[in-house]
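So the sequence lines, in the order shown, correspond to chains A and B. For the first sequence, the positions run 1198 to 1311 when the working numbering is used. For the second sequence, the positions run 23 to 134 when the working numbering is used. Glycine included, every Cβ here is placed at the ideal spot set by N, Cα and C.
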Amino acid sequence: SQTIHQWPATLVQPVGSPLSLECTVEGTSNPNLYWYRQAAGRGLQLLFYSVGIGQISSEVPQNLSASRPQDRQFILSSKKLLLSDSGFYLCAWSAPGRVVGELFFGEGSRLTVL
Amino acid sequence: GQSLEQPSEVTAVEGAIVQINCTYQTSGFYGLSWYQQHDGGAPTFLSYNALDGLEETGRFSSFLSRSDSYGYLLLQELQMKDSASYFCAVRGTTDSWGKFQFGAGTQVVVTP
């Protein structure tokens, strides 16, 4: 069966520090991968999505970046965090090359920037 | 681009029926999905409609009308554990076929 893991679950970072969130998927090949951010009490904002290695689409211009070094690994990074980067970050995957409506989410990473 | 609208909050008593509407505007469209999210947790998939009509999964049903760009999620026999946020989402087409966009979410509050 397929599983998705992301880490760390919680982190507190000072303004201006770097960030790295990692997500891995097991049990499937060539998944579509996604990073979403959710502010407290708000909806899910799509940050990046990838339909394959080296193919990353950015939805929101900001100080975040994403990389997909391996087929089932997706990393969210920042060189210098801002206060506004605080939120709940969710990694997700969907089945490759199929018109399906299901996204599978990781457990989430709660980031607080002070 | 894509935009989705859904009510911000709905309150109902246990055993009641709740309908959460979702209207969308999109340049392309594969289907409408629904997700449930409890406080502090990750969203979980509930249902997906690619064609017009009603899809039933236990106490939850979802409906889609492509001609009206409208769908809804129906929660029947409400239970306290159904208190959560519910999101509709659309999947893009053509050059953005891999992209899922979400509505702002509807907070459902179930009271005894």
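Residue i versus residue j - alpha carbon distance
{"i": "A/G1284", "j": "A/A1206", "result": "12 Å"}
{"i": "A/I1253", "j": "A/F1302", "result": "18 Å"}
{"i": "A/T1221", "j": "B/Y92", "result": "35 Å"}
{"i": "B/C44", "j": "A/E1304", "result": "26 Å"}
{"i": "A/D1268", "j": "A/Q1199", "result": "14 Å"}
{"i": "B/Y108", "j": "A/L1216", "result": "30 Å"}
{"i": "A/I1272", "j": "A/A1289", "result": "12 Å"}
{"i": "B/T128", "j": "B/L68", "result": "14 Å"}
{"i": "B/S25", "j": "B/S49", "result": "10 Å"}
{"i": "B/T79", "j": "B/S55", "result": "13 Å"}
{"i": "B/S89", "j": "B/L76", "result": "15 Å"}
{"i": "B/A72", "j": "A/L1280", "result": "39 Å"}
Neighbouring residues, chain B, relative to residue i (Cβ below 8 Å)
{"i": "A/V1222", "result": "Within chain B, no residue comes near A/V1222; the closest Cβ sits about 14 Å away, beyond 8 Å."}
{"i": "A/G1284", "result": "Here the premise fails: no neighbours, minimum Cβ distance about 13 Å."}
Per-residue burial, residue i [other beta carbons within 10 Å of its own, 16 or more giving buried]
{"i": "A/P1211", "result": "exposed"}
{"i": "A/L1218", "result": "buried"}
{"i": "B/I39", "result": "exposed"}
{"i": "A/N1227", "result": "exposed"}
{"i": "A/Q1203", "result": "buried"}
Cross-chain neighbours of residue i in chain B, by beta carbon under 7 Å
{"i": "A/G1303", "result": "A64"}
Under 7 Å by beta carbon: chain A residues contacting residue i
{"i": "B/Q123", "result": "L1243"}
Distance CB(residue i)-CB(residue j) smaller than 9 Å
{"i": "A/V1297", "j": "B/Y70", "result": "yes"}
{"i": "B/F124", "j": "A/Y1233", "result": "yes"}
{"i": "A/V1248", "j": "A/N1260", "result": "no"}
{"i": "B/L95", "j": "B/S83", "result": "yes"}
Proximity to residue i [Cα-Cα], best of the options
{"i": "A/S1255", "options": "B/A34, B/K121, B/L95, B/K103", "result": "B/K121"}
{"i": "B/Q28", "options": "B/L73, B/C110, B/V131", "result": "B/C110"}
Neighbour flag for residue i against chain E, beta carbons, 9 Å
{"i": "A/A1263", "result": "The structure shown contains no chain E; its protein chains are A and B."}
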